[in-house]
Amino acid sequence: MRAESQGLRLILRGARLRAFSGSPSVLAASLTHTTRWSRRLATQTLYDVANARTVAAAAAAFSQHRTDMEQIQSVVRRYADRKPAPLPLQFLNEFGHLHSDSKRLLAASWLKDELPVRLSRRVLELELLPRALCNMPSILAVRETYRASLLDIVTFPSLDAGGGASATATKTNVAAFGALLESIYARHQHVAHDVARGMLELRAYNPAMKLESDAKLQRFLDNFFRSRIAIRLMIGHYLATRDAAAHPSRIGIVNRQCSPAALARRATAEAQELARRYYRQSVVPEVCVLGHIDARFPYVDEHVFFCLRETLKNAMRAVIEKHADDRLGASYIYTPIRVVIARGTEDVSVRVTDNGVGMSLRELPVALCFGYTTAPPPALHSREKSNIFDNHVQAAGSIAGMGYGLPLSRLTAQFLGGDMELMSMQGAGTDVTFHFPRLPTA
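For what it's worth, UniProt numbering labels the leading residue of the sequence shown as 1, then goes sequentially.
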């Protein structure tokens, strides 16, 4: 309408030019004025055309985005409607011996079919969370991580290129799929910390919220992390079979000679370093590894290590903070934390004992709930900024303030048929005992 009205004005001025054609000065002035209006009209017309194109492009992009999202949701729902296949312990043994191309193809094909079911169910669960939590930046990032991995797998071409001359192509496809799984495994490395961060963001949004008393959220977190353990076990086990020749003592991710003592020492080194950085002091509690330190049994090293590291982090904090008022300087000696290993006929047990602050009878029932902690939460900044939370994520997580170490350790121990027991006396300390079953290695 604006361009049309300006065009009408130009026509009217043309008529005036003709009316004053006998006066050179008036004619020159009118020509100058008309030329300015012509330039303005041309500029405005170009702007309107460009703006119309931008609007049209934006509308087309929005329409395409909506179509894409509808297609993605269709894929999510289609796979989420299927039930995940059972994951018995025999899976570790059967998929740990992939000595032929046909077995590798079979294992890769099973993963290509099964992983989308598990990934899509997590996407759907994240979308069905309460709106306040669902819209937290870190939860949105986790959802996009699972969605991206789902789409990467379902859009991957068929692994089996056919028989005969296509055997080489099939082998190439399987290798490429292995590389994709490796990238997905790395992509999901910090998902647990991102979920924990999402809960902290929710608490910042709603300080009155008590995550540990929300039964629905606790069930969601329990299912979510249990599934995450399964997905990482499946992918990690398959990827580990590629280096079977270099690790003869292993069956995929299972170490036939898993050493709790060696893993306890490794976990101790990480927990002590975190304590030094977190409390900014050079002296931290020592850890004594006792009992059957020569015990060896078939198990997943990463599971034992995770459980011990998280427990030792808690023990370090409990001991240091109990004696915060007693320290007289850098020479202060803490009472050592004890790790006792017991070798049984069916399982291997590991107990971590500290003489820290302990827990009251009221605290014990919620100590294994996700999000429960007596420590102040880590500072929340923008995801781009470097902060104590993100720095400690790179070094096995913050020593305190998240409330995920114990419940995740319990899930990890239980996943392969083991368990975790917690006993504590306020003012005396805490005992955490893990039972790890011997896995079949036939």
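For each residue, glycine too, the CB sits at the ideal point set by N, CA and C.
Everything numeric in this text was worked out from a predicted model, so none of it was measured.
Three-state class that DSSP yields for residue i in the structure shown
i: E421; result: strand
i: T345; result: coil
i: R351; result: strand
i: P130; result: coil
i: P365; result: helix
i: D214; result: coil
i: K385; result: Confidence in K385 is poor, its pLDDT being 37 and thus under 50, which makes the residue's placement unreliable; the coordinate value appears in the next sentence. In this structure, K385 counts as coil in the three-state DSSP scheme.
i: P116; result: helix
i: G405; result: helix
i: P260; result: helix
i: F95; result: coil
i: D431; result: strand
i: Q426; result: coil
i: H323; result: coil
i: N206; result: coil
i: R242; result: helix
i: M199; result: helix
i: N391; result: Here N391 scores only 44 on pLDDT, less than 50, and its place in the model should not be relied on; the value that follows carries that caveat. In the structure shown, N391 sits in a helix (DSSP, three-state: H, G or I).
i: R77; result: helix
i: L10; result: Low confidence applies here, because L10 scores a pLDDT of 42, under 50, leaving its location unreliable; read the following figure in that light. DSSP places L10 in helix when its eight states are reduced to three.
i: Q272; result: helix
i: L233; result: helix
i: F220; result: helix
i: Y279; result: helix
i: A375; result: coil
i: F305; result: helix
i: I293; result: coil
i: S100; result: coil
i: S360; result: coil
Option nearest residue i by Cα separation, candidates the options
i: K112; options: L87, L180, L308 and V76; result: L180
i: residue 486; options: L87, P84, D301 and M209; result: One cannot answer for residue 486 here, as it falls past the ends of the chain, which runs 1 to 442.
i: S120; options: Y79, S166, D152 and L128; result: Y79
i: R197; options: I139, T433 and E127; result: I139
i: C258; options: I72, E70 and R438; result: R438
i: residue 470; options: R131, L368, G405 and P298; result: The structure shown has nothing for residue 470, since the chain only spans 1 to 442.
i: A375; options: S149, L368, R351 and G403; result: G403
i: E91; options: H188, L233, S102 and K313; result: The residue you asked about is not Glu; residue 91 is Phe in the sequence shown. Closest by alpha carbon: L233.
i: R203; options: N93, A367, Y372 and F225; result: Y372
i: L87; options: P157, N173, M209 and R226; result: R226
i: D243; options: H97, R296 and L361; result: H97
i: Q281; options: G429, A342, I320 and P157; result: I320
i: H323; options: D222, E114, K103 and Y279; result: Y279
i: D354; options: V287, P407, A413 and I293; result: V287
i: L211; options: E125, V366 and V432; result: V366
i: L361; options: F434, L263 and G427; result: G427
i: V433; options: L422, R256 and P440; result: In the sequence as presented, Val is not what sits at residue 433; that position holds Thr. The shortest Cα separation from T433 among L422, R256 and P440 belongs to L422.
i: S166; options: D101, Q218 and H190; result: D101
i: P407; options: P440, N314 and G358; result: N314
i: M199; options: Y185, E182 and Q218; result: Q218
i: L151; options: N206, H99, V75 and L89; result: V75
i: L89; options: D81, I251 and R309; result: I251
i: N93; options: R256, P130 and S424; result: R256
i: S149; options: S183, P207 and G429; result: S183
i: Y334; options: T345, A342, G356 and D431; result: G356
i: R143; options: L129, F305 and R338; result: L129
i: G429; options: P336, C369 and R343; result: P336
i: I229; options: R118, R343 and Q71; result: R118
i: Y332; options: H292, V284, G358 and G236; result: V284
i: R187; options: D214, I235 and T155; result: I235
i: A413; options: A342, L308 and M359; result: L308
i: L239; options: A175, A271 and N206; result: A175
i: L411; options: F224, S424, I341 and L290; result: F224
i: E114; options: A85, P207, R296 and R77; result: A85
i: M209; options: D81, A132 and D325; result: A132
i: D160; options: A269, R296, L290 and W110; result: W110
i: K216; options: T441, L106, L126 and A107; result: L126
i: P440; options: F95, Q71, R77 and E70; result: F95
i: F177; options: F156, H292, Y185 and T168; result: F156
i: H237; options: I253, P248, L263 and H99; result: I253
Cross-strand partners of residue i (DSSP beta bridge)
i: N255; result: R250 and Y299
i: L87; result: In DSSP, L87 forms no bridge with anything.
i: C288; result: R338
i: P437; result: D347
Open item on the list: Quick check on the DSSP output: what are the complete alpha helix (DSSP H) runs of length 4 or more inside the region 132-191, in order along the chain?
Closed with: Here the runs fully enclosed are 137-154 and 167-187.
Open item on the list: Check whether the region 270-280 and the region 409-420 are in contact - that is, three or more C-beta pairs closer than 8 Å.
Closed with: Under the three-pair Cβ rule at 8 Å, the region 270-280 does not count as touching the region 409-420.
TODO: Please confirm if the region 186-195 is in contact with the region 343-353, defined as three or more CB-CB distances below 8 Å between the two stretches.
DONE: At 8 Å Cβ cutoff, the stretches do not touch.
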